[in-house]
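Have a look at the structure below, then the notes.
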Amino acid sequence: MLRGIRSSSGAIIDFECVNASAGGAGGEGGSGLPPPGSRLLEASAWGAECGLLELCVRVMERQVPEVKRFTHAGPSGTVRWLARAAPCEGGLTLFLEALAPRGSKQEEAQDWEVVKAILEETSDAVFAKNLEGQYILLNPAAARAFGRPSEEVLGRTDKELLGGLAGSDAAAAVTCQDLAVLTSGQTALFEGADSGPGFGCVWQSTRGVLRHPGGTRYGVFGISRDVTVQRRQELDQAQEGRCRERFMAMLGHDLGNPLSAIRLTSAALLARDSLSPEVRRGLERIEGSAGRMARMVRQLLDLTRARMGGGIPLRPGEVALDELCRLVIGELELTAPGRSIHLEVRGPCRGFWDAERIAQALSNLVANALQHSPAGTPIRVSLEGVEALQRIEVHNVGQPIPEALRPRLFEPFFRARRSATPQPGLGLGLGLFIVSQIVQAHGGSIEVSSTAEEGTRFIVLLPRSVPATGGRVDERASSPQACGAAAS
Numbered sequence: 267m268l269r270g271i272r273s274s275s276g277a278i279i280d281f282e283c284v285n286a287s288a289g290g291a292g293g294e295g296g297s298g299l300p301p302p303g304s305r306l307l308e309a310s311a312w313g314a315e316c317g318l319l320e321l322c323v324r325v326m327e328r329q330v331p332e333v334k335r336f337t338h339a340g341p342s343g344t345v346r347w348l349a350r351a352a353p354c355e356g357g358l359t360l361f362l363e364a365l366a367p368r369g370s371k372q373e374e375a376q377d378w379e380v381v382k383a384i385l386e387e388t389s390d391a392v393f394a395k396n397l398e399g400q401y402i403l404l405n406p407a408a409a410r411a412f413g414r415p416s417e418e419v420l421g422r423t424d425k426e427l428l429g430g431l432a433g434s435d436a437a438a439a440v441t442c443q444d445l446a447v448l449t450s451g452q453t454a455l456f457e458g459a460d461s462g463p464g465f466g467c468v469w470q471s472t473r474g475v476l477r478h479p480g481g482t483r484y485g486v487f488g489i490s491r492d493v494t495v496q497r498r499q500e501l502d503q504a505q506e507g508r509c510r511e512r513f514m515a516m517l518g519h520d521l522g523n524p525l526s527a528i529r530l531t532s533a534a535l536l537a538r539d540s541l542s543p544e545v546r547r548g549l550e551r552i553e554g555s556a557g558r559m560a561r562m563v564r565q566l567l568d569l570t571r572a573r574m575g576g577g578i579p580l581r582p583g584e585v586a587l588d589e590l591c592r593l594v595i596g597e598l599e600l601t602a603p604g605r606s607i608h609l610e611v612r613g614p615c616r617g618f619w620d621a622e623r624i625a626q627a628l629s630n631l632v633a634n635a636l637q638h639s640p641a642g643t644p645i646r647v648s649l650e651g652v653e654a655l656q657r658i659e660v661h662n663v664g665q666p667i668p669e670a671l672r673p674r675l676f677e678p679f680f681r682a683r684r685s686a687t688p689q690p691g692l693g694l695g696l697g698l699f700i701v702s703q704i705v706q707a708h709g710g711s712i713e714v715s716s717t718a719e720e721g722t723r724f725i726v727l728l729p730r731s732v733p734a735t736g737g738r739v740d741e742r743a744s745s746p747q748a749c750g751a752a753a754s
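Using our numbering, you'd call the opening residue of the sequence shown number 267 and step up by one each time.
Here is the structure:
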């Protein structure tokens, strides 16, 4: 055990050895520790040069154990030590272990024991082959993949081991992969049923070149991992997702006709002057509920198009964005009495976009702002034309969106926060997802910032016209047109 010696200022300048284990006397042949009653720097002056003193001071001050390797030059050459220091009552405990000289047979043997233990215990198949394709090393996991003892694999090629018609194809594929790695000289990653040892598995295999110290290539190594279970799970999940989306597509399509019939009937009945107030209120509730259901159906169809149909279809034409925005705001103000929505316009606001889809995106963003802001607070919509880009910003005050949830904001069926003004029938949680798909289809981008001080801002940047690589253009697109229909 060592006890710290402090200067008049309180800094530790040395250590005194209180007690030491048998054989702990210092010197080149001992443990490197000072004998009891002596100081560390007196018995081992090299302690300050190699960092041993610094290590001890750090452990005393931080009261946290540390392990460190260090070297120092002694009369018989360079000596390597492993130091373990731990705080204890009244000082610290220091253990010094002399290490074998670097590059010695003893050290090489120690290193190989570590490597051997790793090879024995890992579940990954590890192997090496010579230039003729014969296995020169493999671990137990690789032998298990072949279903043979190691001695039956060593010295043989994949063609000899796999055999049969199916095996010959697998052996040829593995040989091609090995040849590709040898030719390029680069480590590569392969995946497939033919990328590892044995049959019946999907392997993820890393292959690289074995080289002599002079750089001459003498073989190939491989580390293969069985990823069969993971890939099957991914396929099952993908299949489940496709089935779910097909179901939603059919549901949305099949609900469309009866909903249209309900809305047409309620509209015809509401046009009559002879209705009593009670009947009119009932029909208005039917119309409102059917309208919400129609919007949900359209959202489900949009989700299906985005996921399965190659993107939301567009019918681009000439659009006056400021006029379109005023139409959308006017419709939303009717559904949110008592709320004010301010529009600011700067610069040119005309472009070649899908008017109906842009109106849908604007409506979703403003409706989201109304839903998540306190009653009586204004919503601000800003349009700014900047050269080849159109900037759209929707701002509201209120509780910020938690930072951890923002990466998921544009995922389908995701709601980041509760409504500030509770409403029945909030929808499916597809609004922002559809906004992002519409923006992407136009070749644009969308981002969000949200703080308690500045509120929440959704910022959309659109190119002036739909790029050739943008969304799937609807072949029914008509001639260029001005602003379009109402949003859904």
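C-beta atoms are modelled at their ideal positions from N, C-alpha and C, and glycine is treated no differently.
By the criterion of a C-beta distance shorter than 8 Å, A556 is surrounded in its chain by L525, I528, R529 and S532, once the five residues flanking it on both sides are discounted.
Within the stretch 380 to 412, the beta strand (DSSP E) runs of at least 3 residues that lie entirely inside it are, in chain order, 391 to 396 and 401 to 404. CA-CA distance, Q505 to T570, rounds to 15 Å. Pairwise C-beta distances place the stretch 702 to 713 in contact with the stretch 721 to 728, as three or more of them are shorter than 8 Å. Counting C-beta pairs with one atom in each stretch, the stretch 582 to 591 and the stretch 546 to 556 have fewer than three that are closer than 8 Å, which means they do not touch. CA-to-CA, the gap between V381 and G488 works out to about 15 Å.
Setting aside the 5 residues that flank it on each side, L655 is surrounded in the same chain by L727, L728, P729 and R730, each with a C-beta closer than 8 Å to its C-beta; the list follows chain order. Beta-bridge pairing by DSSP links C591 to no other residue. Taken in chain order, the complete beta strand (DSSP E) segments of 3 residues or longer contained in the stretch 483 to 567 are 483 to 492.
Here S606 has P644 as same chain residues with Cβ atoms under 6 Å from its own Cβ, once five neighbours each way along the sequence are excluded. With respect to the C-alpha of C615, the residue from E650, E379, R546 and F679 having the closest C-alpha is E650. Closest option to Y484, judged by alpha-carbon separation, among E417, I402 and L521: I402.
According to DSSP, L649 shares a beta bridge with V611 and I658. For Q470, the uninterrupted beta strand (DSSP E) segment begins and ends at W469 to R477. As the crow flies, the alpha-carbon of Q665 is around 27 Å from that of Q565.
The three-state reading of DSSP puts T453 in coil, since its state is none of H, G, I, E or B.
Residue pairing by DSSP places W378 in no beta bridge whatsoever. Contact between the stretch 444 to 453 and the stretch 407 to 422 is absent, with fewer than three C-beta pairs closer than 8 Å.
DSSP places I725 in the strand class (E or B) of the three-state scheme. The beta-carbon separation of G577 and A394, rounded to 48 Å, does not stay under the 8 Å limit for a contact. For S702, there is no enclosing beta strand (DSSP E); the enclosing alpha helix (DSSP H) covers residues G697 to A707. Counted as a single uninterrupted DSSP element, the alpha helix (DSSP H) harbouring R623 occupies residues A621 to Q637.
Counting other Cβ atoms within 10 Å of its Cβ, S639 reaches 16 or more and is therefore classed as buried. Beta-carbon to beta-carbon, C316 and L268 are separated by about 16 Å, too far to satisfy the 8 Å threshold.
Counting the other Cβ atoms within 10 Å of the Cβ of S629 gives 16 or more, which makes it buried. When DSSP states are grouped into helix, strand and coil, P673 belongs to the helix group. Apart from sequence neighbours up to five positions away, the residues of its chain that approach S702 with a beta-carbon distance below 8 Å are F676 and I712, ordered along the chain.
For G313, no beta strand (DSSP E) encloses it; the enclosing alpha helix (DSSP H) starts and ends at W312 to C316. Put simply, the backbone Cα of R414 is about 19 Å away from that of A459.
T344 sits in a strand when the DSSP states are folded into three classes. The secondary-structure analysis by DSSP pairs T359 across a beta bridge with A352. When DSSP states are grouped into helix, strand and coil, E719 belongs to the coil group. P302 places its beta carbon 7 Å or farther from that of V325.
Taking the C-beta atoms as reference points, L521 is found no nearer than 7 Å to V493.
Just so you know, the alpha carbons of Q329 and F281 end up roughly 16 Å apart.
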